[in-house]
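One structure is given here, and the rest of the page talks about it.
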Amino acid sequence: MSLALDQLDWVIEYWPDLLTARLPMATPRPWRHPQLSEQARAERDTLARAERFERTALSLGESPAPVDVAILQTALDILVRADDLADNLAQVTMCPPLRPPTLGELDARPWLHFAAARLAEAHDGLAEWAAPITAWMVDQTARAMSLVYDGQALDVVCPWCKGVTPETPAGGARTWSVVTLPGDQIAIVCSGVCEPPQREVGTWWRGQPCWPISDWERLAKHVRVSEAHIDGHATMTA
Ligand SMILES: [Zn+2]
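So for the sequence shown, the working numbering puts the first residue at 17; every next one is plus one.
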């Protein structure tokens, strides 16, 4: 699979999260309702944004209209580029083109899917040509999501350190939060006394393990396995 195809899949995967401004794994993945940290809450310049988080947390499953102009603009920019990309690939591969998006349309996924399907059939040169465009889409999506998610604490116990911190030596603390690293990279950082095996950790930031957004699916799996284990144990000893 080519890099461009991976990147298109990534943007498609996170598209609903970009638009609904909820945490990527809020539901049905195993992450609990997101909560803004106190600091992040204080840093938010508008009450509206915090309210939107609470409303979103309370109404999981619904899709509130995006209210953040920067995110709306990003979505529209990606939609325009996705339509261009789909159109170019249709011409090159002599495939009937997809209709252009209509005014007010905000879902880029049909054009992203179309582009992905053309790239999957085409020779590698075409994927190489598309790679800078798809990289730009990933970058724009991650930037917009970092605007929304930076500072958000996750209601998850880290499967590796079990929430052990200097303040909570018995464990159980919620040590994961979303941070925006230099270069607008969005990642989850564990602030616990945490040393996952080397193969399980994406990278380190200020001495703490951290996982870039591309690792989050894998991370969610670990949480699921770990929580199933804890639940099973609780049942046995109950
Ligand atoms: Zn940890």
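Just so it is clear, CB atoms sit at the ideal spot from N, CA and C, and this is done for glycine as well.
Which residue from the options puts its Cα closest to that of residue i?
i: G120; options: L21, A91, P112; result: A91
i: Q132; options: D99, R159, M161, S162; result: Here residue 132 is Ala; the residue named in the question, Gln, does not match the sequence. Of D99, R159, M161, S162, the residue nearest in Cα terms is D99.
i: G199; options: P182, E211, V239, D155; result: D155
i: P228; options: V239, V194, M110, R240; result: V194
i: R237; options: L197, E216, V180; result: It is Lys, not Arg, that sits at residue 237 in the sequence shown. Measuring from the Cα of K237, the nearest candidate turns out to be E216.
i: P175; options: G223, H245, Y30, H129; result: H245
i: Y165; options: L142, I204, M153; result: I204
i: P225; options: T118, L142, E211, A189; result: E211
i: A160; options: L35, Q23, T184, L19; result: L35
i: W21; options: L142, V108, G167; result: According to the sequence shown, residue 21 is Leu rather than Trp. Looking at the Cα atoms, L142 is the closest of the given residues.
i: Q89; options: V108, P148, E137, M153; result: M153
i: V209; options: E233, G179, R234, S230; result: G179
i: D33; options: S162, T181, T150; result: S162
i: V239; options: G223, D171, G187; result: D171
i: W145; options: E243, C111, N104, G187; result: N104
i: F130; options: D25, A147, G167, V173; result: D25
i: V241; options: P213, V173, D140; result: V173
Quick one: give me the first and last residue of the alpha helix (DSSP H) that residue i is part of.
i: A132; result: 125-137
i: V108; result: 85-109
Quick check: residue i and residue j, are their CB atoms within less than 8 Å of each other?
i: I202; j: A158; result: yes
i: P113; j: A124; result: no
i: C177; j: T196; result: no
i: I28; j: L128; result: yes
i: S18; j: L135; result: yes
i: A169; j: T181; result: no
i: A151; j: T109; result: no
i: A231; j: G223; result: Rather than Ala, the amino acid found at residue 231 in this sequence is Asp. No.
i: I149; j: R97; result: yes
Where does the unbroken beta strand (DSSP E) through residue i begin, and where does it stop?
i: Q6; result: Residue coverage of the chain in this structure runs from 17 to 254, which leaves residue 6 outside it and unanswerable.
i: C206; result: 201-206
i: P225; result: 224-228
i: L197; result: 192-197
i: W221; result: 219-221
Any heavy atom of ligand 3 closer than 7 Å to the CB of residue i?
i: D155; result: With respect to ligand 3, the structure shown offers nothing to examine, as its ligands consist of ligand 1.
Closer than 6 Å from C-beta to any heavy atom of ligand 1: which residues, in chain order?
C174, W176, C177, T191, C206, G208, C210
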